[in-house]
Amino acid sequence: EEDFEVIDKKQLPDAAELRNEEKAKPEEARWSAPILSLAKKASENLALSYGSALKSASLVGLVSKPGSSDSPAKTNTRCHTMEERANLMNMMKLSIKILIQSALSLGRTLDSDFPPLQQFFVVLEHCLKHGLKVKKTFIGQNKSFFGPLELVEKLCPEASDIATSVKNLPELKTAVGRGRAWLYLALMQKKLADYLKVLLDHKHLLSEFYEPDALMMEEEGAVIVGLLVGLNVIDANLCLKGEDLDSQVGVIDFSLYLKETQDSEGKQDGGITAVLDQKHYVEELNRHLSCTVADLQNKIDCLEKTNSKLQDELAAATDRIGSLQEEQQQLKQQNELIRERSEKSVEVTKEDTKVELDTYKQSRQGLDEMYSDVWKQLKEEKKIRLELEKELELQIGMKTEMEIAMKLLEKDTHEKQDTLVALRQQLEEVKAINLQMFHKSQNAECSLQQKTEAISSFEGKTNEMMSSMKQLEERLQQAEKARQAAEERCDKMKQELAGRLDSCRQQMAQLDSKCSTLEKELKSEKEQRQTLQKELHQEKDATALLKTELQQMEGLKKELRKLQDEKQQLKKVREEQEQALQEMGLHLSQSKLKMEDIKEVNKALKGHTWLKDDEATHCKQCKKEFSISRRKHHCRNCGDIFCNTCSSNELALPSYPKPVRVCDNCHTLLLQQCSSNSS
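Be aware that the sequence shown starts at 46, since it is given in the working numbering, and climbs by one per residue.
In structure tokens, the structure reads:
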């Protein structure tokens, strides 16, 4: 199946001859001592298997002895595959050895046209094709070694560059061409052995592409990977563009491994290659020199142009310098004239400033005194304002507490009304019970008459209680009206009502306790009613119960009297509170007036700014210029500067206790305000 050429055994060289040839080589090939030593060791190891490789290549048809248990066909195929693996491994050793020897003898980088390199790729391709599985597709059967090589990209991320560059080549159309390009690039990177070792470490992935007895699945694959490590010594420069890798025929040429070529031809070929290399080197030098000459000429042209431009700029600059010197002389003369004028004006201004300083000092003393008085008044007004704000906050808190107390009183009144309704219902029930007892107890008429009299008296008392309750309701309505009036007035009252509210709360607590006692008594009455229903036949017990009920009614009367007394006390307290609220209203009206005065003063101070003497040179009203005879005067209301004629009026301002100088406009405005306030 493999394309081998059978060679005579006599033509095969011995290991001794190969060693003598290596010793007879010139010292020019020893361009790298350590690399040569490594290559020689590899060649000595491979020389022993050199003859056996060609012998095994010529004996492809031999068959080994079959085993006793297998069939003859199976044993034939196994022996055949074993021989193929051995032959391919031996040929791989030979090709690597000759490639290393030839590369070290030349001492330069290898091109794609180098025959030993081409034969190395052919042998490696046969090794990778050995035992490949045939994949069936819609087009037909496909058998290529590029499939397992694509796995390297997943297992080793460093090989991603090779895969992308191979896929981007437009010339490659088949999987075989892509596989060959991949091998070229891996050899140039000196990582071919590393990539194949990664594949062999993951044989479970290779089983998808190779048969179990393939070369890459057996130990021979690991041996080949170890041999490929020696190729890292070689520098290969392979050009993939322009080569037809798809249609190359992979046939092994055994003529390279024969010893028929003479030394003279090798020397001539070496000389020709050296001359060709020198020719290429000289051509490259000439090309670089021509490029540098063209660049230099372009630079010279640019420099000449820039030089001419600079000369023109120099001429223009000299003309500008002459004109600037003339302008400088003119400016010097003008500066001397301006200096003389300024000195004269400075002397005049110094005299004026001395006079103005004297007047300013005199006016400043008066202003400082006025400012100190105003500042003291402001501090006092601020203190008053803070006190008023505190009083306002206290009164607001008092108002909220009063509202809460009034709500509690309303709740208590509603609860008492509910209790009265319950008492009425209980009285009605008592009446019904008494009627039943009248019908049932004929023997106790005298006692019943007494009971009816007691009941009638009790009803009269209840009617009195109802009338008193109506009066209380009317008084409560009046109290609510008074409370509404008190709410309007009691905006700022707090300190005096604090103690009174505490007393009111105590009284309310007492009322709550009394209500609780009433509820307990009502519960006891219900129990007594149940006992009356059970003991209707016993008159003595019934009369005793009626007596107890009458006693309870007397207690209720006493409690009602107490409640009336408490309400009268509350009325007195409310009257006192109303008087206190009226007094507080008077105080508040006075404080509001004071606050309005303070706000007017603040507005007067914020709205107007005190102009400095340096900022005004003319009177604001008559627009006349100030001088020694026409002095400056400040208006105490607006703060602007006027002459004596425009600010001869005097008025008493809120910020000044005495009448002060005011301008004409402010004088008229203040008079209008005073007239409007008085009206």
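Ideal Cβ positions, reconstructed from N, Cα and C, are used throughout, including at glycine.
Short Cβ contact (8 Å threshold) for Cys-172 with Met-137: It is a contact, given that the beta carbons lie within the stated cut-off.
Just to confirm, is the Cβ distance from Leu-251 to Leu-241 under 8 Å? When the beta-carbon positions are compared, Leu-251 and Leu-241 stay at least 8 Å from each other.
Range of the contiguous beta strand (DSSP E) that encloses Arg-706: Element bounds for Arg-706: 704-707.
Is the separation between the beta-carbon of Val-167 and that of Val-296 shorter than 8 Å? A contact, by the Cβ cut-off of 8 Å.
Taking the runs of the alpha helix (DSSP H) that are 4 residues or longer, which of them lie wholly in the region 153-216? Segments of the alpha helix (DSSP H) lying fully in the region 153-216: 160-174, 191-200 and 205-213.
Under a Cβ-count criterion, where at least 16 other Cβ atoms within 10 Å of its own Cβ denotes burial, should Leu-104 be classed as buried or exposed? Low local confidence applies: a pLDDT of 42 at Leu-104 is under 50, so the model's placement there is unreliable, with the coordinate-based value given in what follows. Its Cβ having fewer than 16 others within 10 Å, Leu-104 is exposed.
Quick one, are the C-beta atoms of His-663 and Lys-669 less than 8 Å apart? Yes.
Contacting residues, own chain, Cβ-Cβ under 6 Å from Leu-107 (five flanking each side not counted): The predicted model places Leu-107 with a pLDDT of 34, which falls under 50 and marks its position as unreliable, so this point remains unresolved.
Could you have a look at Glu-253 and say whether DSSP puts it in helix, strand or coil? In this structure, Glu-253 counts as coil in the three-state DSSP scheme.
Per-residue burial, Glu-263 [other beta carbons within 10 Å of its own, 16 or more giving buried]: Under this definition Glu-263 is a buried residue.
Is the Cβ-Cβ distance between Met-538 and Ala-625 less than 8 Å? A contact, by the Cβ cut-off of 8 Å.
By Cβ distance, which residues of its chain are closer than 7 Å to Arg-223, with the 5 residues on each side in sequence left out? Contacts found: Phe-191, Val-211 and Leu-217.
If we define contact as Cβ-Cβ less than 8 Å, is Val-294 a contact residue for chain B? You won't find chain B in this structure, because it holds only one protein chain.
Nearest-angstrom Cα separation, counted from Asn-121 out to Leu-133: For Leu-133 and Asn-121, the distance between alpha carbons rounds to 18 Å.
Determine the contact status of Ser-720 and Cys-708, defining contact as a CB-CB distance below 8 Å. If you check the CB distance, Ser-720 and Cys-708 do not come in under 8 Å.
Taking the continuous alpha helix (DSSP H) assigned at Glu-660, which residues delimit it? No alpha helix (DSSP H) holds Glu-660; DSSP gives it neither H nor E.
How many Å lie between Leu-714 and His-632 at the Cα? Distance between the alpha carbons of Leu-714 and His-632: 31 Å.
Residues near Leu-595 by beta carbon distance below 7 Å, same chain, minus five either side: The residues Ala-499, in chain order, have a CB closer than 7 Å to that of Leu-595 in the same chain once the five nearest residues on each side in sequence are set aside.
Could you check if Trp-420 belongs to the surroundings of the ligand NAP, using beta carbon to heavy atom distance under 7 Å? With respect to small molecules bound, the structure shown includes none, and the ligand NAP cannot be examined in it.
Beta-carbon proximity of Arg-681 to Val-705, cut-off 8 Å: Contact: yes.
Is the beta carbon of Leu-290 sitting closer than 8 Å to the one on His-175? Not a contact, by the Cβ cut-off of 8 Å.
Just to confirm before moving on: does the CB-CB distance between Tyr-255 and Lys-142 stay below 8 Å? Against a cut-off of 8 Å, the Cβ pair of Lys-142 and Tyr-255 comes out as no contact.
In the DSSP assignment, what are the bridge partners of His-678? Under DSSP, the beta-bridge partners assigned to His-678 are Phe-687.
Proximity to Cys-201 [Cα-Cα], best of Tyr-405, Leu-214, Asp-246 and Ser-636: Out of Tyr-405, Leu-214, Asp-246 and Ser-636, Asp-246 has the C-alpha closest to the C-alpha of Cys-201.
Pull up the CB-CB distance for Leu-230 and Ile-207, whole angstroms please, since I reckon it's below 8 Å. Contact flag correct, Cβ pair sits at about 5 Å.
Would DSSP call Leu-453 helix, strand or coil? It is helical.
With DSSP as the reference, please indicate the residues paired to Glu-670 in a beta bridge. According to DSSP, which records beta bridges pairwise, Glu-670 is partnered with His-663.
CB of Gln-422 within 8 Å of CB of Ser-674, strictly: No.
Check whether Leu-563 and Leu-577 have beta carbons under 8 Å apart: Not closer than 8 Å, so no.
Could you tell me if Trp-227 is buried or exposed, where buried requires 16 or more neighbouring beta carbons within 10 angstroms of its beta carbon? Buried is the call here.
Does the beta-carbon of Val-197 have 16 or more other beta-carbons within 10 angstroms, so that it is buried, or is it exposed? Buried is the call here.
Simplified DSSP assignment, three categories, for Leu-698: Secondary structure of Leu-698 (DSSP, three-state): coil.
Arg-528 and Gly-630 look like a contact to me (Cβ under 8 Å); what is the Cβ gap, rounded to whole Å? Gly-630 and Arg-528 do not touch by the CB rule: their CB atoms are close to 16 Å apart, not below 8 Å.
Tell me whether Ala-554 is buried or exposed, calling it buried when 16 or more other Cβ atoms sit within 10 Å of its Cβ. Around the beta carbon of Ala-554, fewer than 16 other beta carbons sit within 10 angstroms, so the residue counts as exposed.
Leu-194: buried (16+ other C-beta within 10 angstroms of its C-beta) or exposed? So Leu-194 counts as buried.
Check each candidate in Pro-161, Gln-635, Val-393 and Leu-698 and name the one with the smallest Cα separation from Leu-433. The residue from Pro-161, Gln-635, Val-393 and Leu-698 with its alpha-carbon nearest to that of Leu-433 is Gln-635.
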